[in-house]
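Residue numbers (our numbering), protein chains in the order written: chain A, 1 to 279; chain B, 1 to 279.
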């Protein structure tokens with residue numbers, strides 16, 4: 001892997017560039033982004049310079065770190081990338097992106113990815129070399145053998161040097177998993193906040209303890225980011241909500257009842273297991 | 001307010017004793033609790049010594065800091081407390097406790113309370129003088145004039161000296177409020193954890209980011225504490241869950257749809273408002 005192009009030099013793209021440099025990558029890293037993001041990325045040392053998409057396509061690795069809808073638009077335009085090139089992306093849903101890559105009949109290899117990393121601030125100005133360290137980084141081959149090509153193996157090697165916990169998973173299994181672990185929690189936080197806004201309004205503040213603070217934090221997320229996620233993983237998310245609706249109805253029916261002990265115990269064991277041996 | 005008895009010397013009762021001392025209270029503070037809790041409370045300086053319930057009833061203030069079910073049991077036994085005495089409690093639901101006090105035809109004045117404070121550790125060993133500082137402390141008179149008696153005014157004065165934000169509210173309005181701001185978030189966290197446990201099991205761990213950590217934290221709460229709360233505020237909690245179920249169904253129906261912008265914006269404004277001017 002001799003050269004890298006980052007398409008979309010924001011928080012994730014910028015952090016990928018910084019993390020590559022910190023891990024010892026010495027080849028050129030170019031960027032395709034808005035004028036402002038290029039300037040920020042160069043100033044931070046995440047990229048060397050801005051280039052056109054055509055020039056970017058000559059790099060060994062193309063790292064697509066835009067919003068999902070932009071990734072879906074740019075993939076069909078990457079026909080110029082040759083057969084030794086790896087195109088990867090950092091979008092939060094994987095099924096539609098993998099399908100778009102398949103349809104686009106690219107000469108280059110496509111391997112989707114999803115770093116489970118982020119922070120509240122956005123843009124290359126907030127980028128950090130350590131953003132992926134200790135975090136799950138999903139790579140989503142359609143076939144496991146796709147990880148064995150030289151350029152895919154090199155890419156995964158760099159992710160590991162960055163300290164990421166690389167987890168191979170199929171695009172469909174990824175989308176099922178994050179529908180439950182990420183998209184459902186987001187929508188519950190939003191729905192809880194809407195419920196309290198409608199029922200209590202400003203009066204909620206006097207009753208707000210640390211628990212409500214935890215449960216309402218995700219509700220501050222930007223719709224601009226979530227719109228793409230919800231549009232590209234709708235079926236799995238609807239399934240996760242329906243499962244949650246069944247559980248919530250069970251919990252409702254057990255209020256004031258000895259049978260409530262079961263969900264409390266199951267939930268407690270599960271929540272503790274998330275905190276014990278993080279894989 | 002010359003003397004205080006704390007019934008139930010655990011985290012809240014012990015913290016009340018420590019906070020009183022730190023605020024400058026110099027009268028006797030006695031405790032009614034298990035042998036071990038009395039020893040812990042004395043060692044921490046939260047109480048001077050252990051006494052019987054009969055002896056405790058001669059204090060100016062009786063502070064009931066047991067689990068709700070124990071508070072409901074002890075209130076009818078406080079007939080020995082005289083008319084200049086204030087009995088208060090720190091239970092997390094207020095309607096049934098207020099009703100029990102009314103039925104018990106006590107000579108002493110009863111004024112319920114609920115400090116919105118706590119921590120994960122329990123027992124007098126975890127007590128802190130600053131536990132109530134900067135936190136809402138609900139006092140729940142049936143009539144606002146109940147706050148004007150000398151002993152009630154003195155009690156509220158000490159709460160303020162401890163740094164608590166004293167908020168008067170009726171028992172019914174309190175229970176409606178916390179059903180939404182505390183009990184509903186708890187049950188959602190439990191139901192989310194149960195849903196993920198059933199759908200994903202241990203596989204959830206690789207997909208768990210900071211958002212799921214926030215949303216699953218409350219699920220680790222002890223059922224022993226929540227059993228009492230759910231049994232004594234069932235009607236309001238069912239109402240809050242039903243409201244949440246309606247919102248969640250609306251959210252489900254808007255997935256992949258422009259109309260999802262509204263719940264995201266309403267939820268975000270609400271969640272931010274909780275963090276801005278805390279009352």
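Quick reminder that beta carbons are idealized off the backbone N, C-alpha and C, glycines included.
Quick one: which chain A residues come within Cβ less than 8 Å of residue 270 of chain B? 193, 194, 196, 197, 204, 216, 219
Range covered by the alpha helix (DSSP H) that runs through residue 176 of chain B: Following the DSSP letters along the chain, one finds residue 176 of chain B inside the alpha helix (DSSP H) bounded by residues 171-178.
Here's a check: name, in chain order, each residue in its chain whose Cβ is nearer than 6 Å to the Cβ of residue 22 of chain B, leaving out the five neighbours to either side. 129
Helix, strand or coil for residue 23 of chain A? Go by DSSP, reduced to three states. Here DSSP, grouped into helix, strand and coil, assigns residue 23 of chain A to coil.
Residues of chain A with CB closer than 7 Å to the CB of residue 266 of chain B, please, in chain order. 194, 197
By Cβ distance below 7 Å, which residues in the same chain neighbour residue 91 of chain B in space, the five residues on each side in sequence not counted? 68, 71, 97, 114
Within 8 Å of any Cβ in chain B, is that where the Cβ of residue 18 of chain A sits? For residue 18 of chain A, the answer is no, since every Cβ of chain B falls outside 8 Å of its Cβ.
With 7 Å as the limit, tell me which residues of the region 118-137 of chain B have their beta carbon closer than that to any beta carbon of chain A; keep them in chain order. 136
Closest to residue 2 of chain B by CA distance: which of B:25, B:159, B:166 is it? Nearest of B:25, B:159, B:166 to residue 2 of chain B, Cα basis: B:25.
Beta-carbon proximity list for residue 7 of chain A, same chain, < 8 Å, skipping 5 on both sides: Counting only residues of its own chain and dropping the five nearest sequence neighbours on each side, residue 7 of chain A has a CB closer than 8 Å to the CB of 13, 31, 32, 33, 53, 56, 62, 63, 64, 65, 66, 74.
Who are the neighbours of residue 178 of chain A on chain B, taking C-beta pairs under 8 Å? 207
Chain-order list of residues whose beta-carbon lies under 6 Å from that of residue 280 of chain B (same chain, five-residue window excluded): This structure gives no information on residue 280 of chain B, because the portion of chain B shown stretches from 1 to 279.
Other residues of its chain near residue 176 of chain A: CB distance less than 6 Å, five sequence neighbours each side excluded: 236
Looking at the secondary structure, which residues open and close the beta strand (DSSP E) in which residue 89 of chain A lies? 86-89
According to DSSP, residues forming a beta bridge with residue 183 of chain B: Note: residue 183 of chain B sits in no beta bridge, so no partner.
Pairing CB atoms from the region 220-229 of chain B with CB atoms from the region 201-209 of chain A, are three or more of them under 8 Å? Fewer than three pairs of CB atoms, one per stretch, sit closer than 8 Å, so the region 220-229 of chain B makes no contact with the region 201-209 of chain A.
C-beta atoms of residue 240 of chain A and residue 174 of chain A nearer than 8 Å: no
Quick one: is residue 261 of chain A near chain B, going by C-beta distance under 8 Å? yes
Can you check whether the C-beta of residue 281 of chain B is within less than 8 Å of a C-beta belonging to chain A? In the structure as shown, chain B begins at 1 and stops at 279. Residue 281 of chain B is therefore absent and cannot be evaluated.
Chain B partners of residue 247 of chain A, CB-CB under 7 Å? By Cβ distance, chain B contributes 191, 194, 195.
Which whole-angstrom value describes the C-beta separation of residue 185 of chain B and residue 192 of chain A, a residue pair presumed to lie in contact below a C-beta threshold of 8 Å? 7 Å
When DSSP builds the beta bridges, which residues end up paired with residue 31 of chain A? A:6, A:50
Consider the Cβ of residue 252 of chain B: report whether some Cβ of chain A lies at a distance smaller than 8 Å. Chain A, which has a Cβ nearer than 8 Å to the Cβ of residue 252 of chain B, makes this yes.
Does the beta carbon of residue 167 of chain B come closer than 8 Å to any beta carbon on chain A? yes
Where residue 219 of chain A and residue 249 of chain B are concerned, what is the direct C-alpha to C-alpha distance, given to the nearest angstrom? 17 Å
For residue 72 of chain B, three-class secondary structure by DSSP: helix
Using only the alpha-carbon positions, how far apart do residue 16 of chain B and residue 209 of chain B sit? 37 Å
Per DSSP, cross-strand counterpart(s) of residue 139 of chain A: A:113, A:168
What residue does the alpha helix (DSSP H) around residue 212 of chain B start on, and which one ends it? 210-216
By the three-class DSSP mapping on this structure, what secondary structure does residue 131 of chain B have? coil
Any residues in the region 57-83 of chain A with a beta carbon nearer than 9 Å to a beta carbon of chain B? Which ones, in chain order? none
Expressed to the nearest angstrom, what Euclidean distance is found between the alpha-carbon atoms of residue 268 of chain B and residue 190 of chain A? 7 Å
How far does the beta strand (DSSP E) with residue 61 of chain B in it reach, from first residue to last? 61-64
Between residue 34 of chain B and chain A, is there a C-beta pair that is closer than 8 Å? Not one beta carbon of chain A lies nearer than 8 Å to the beta carbon of residue 34 of chain B.
C-beta contact flag for residue 133 of chain B and residue 170 of chain B at 8 Å: No. Outside cutoff.
Separation of residue 158 of chain A from residue 280 of chain B, as counted between CA atoms: Outside the displayed span of chain B (1 to 279) sits residue 280 of chain B, for which this structure offers no information.
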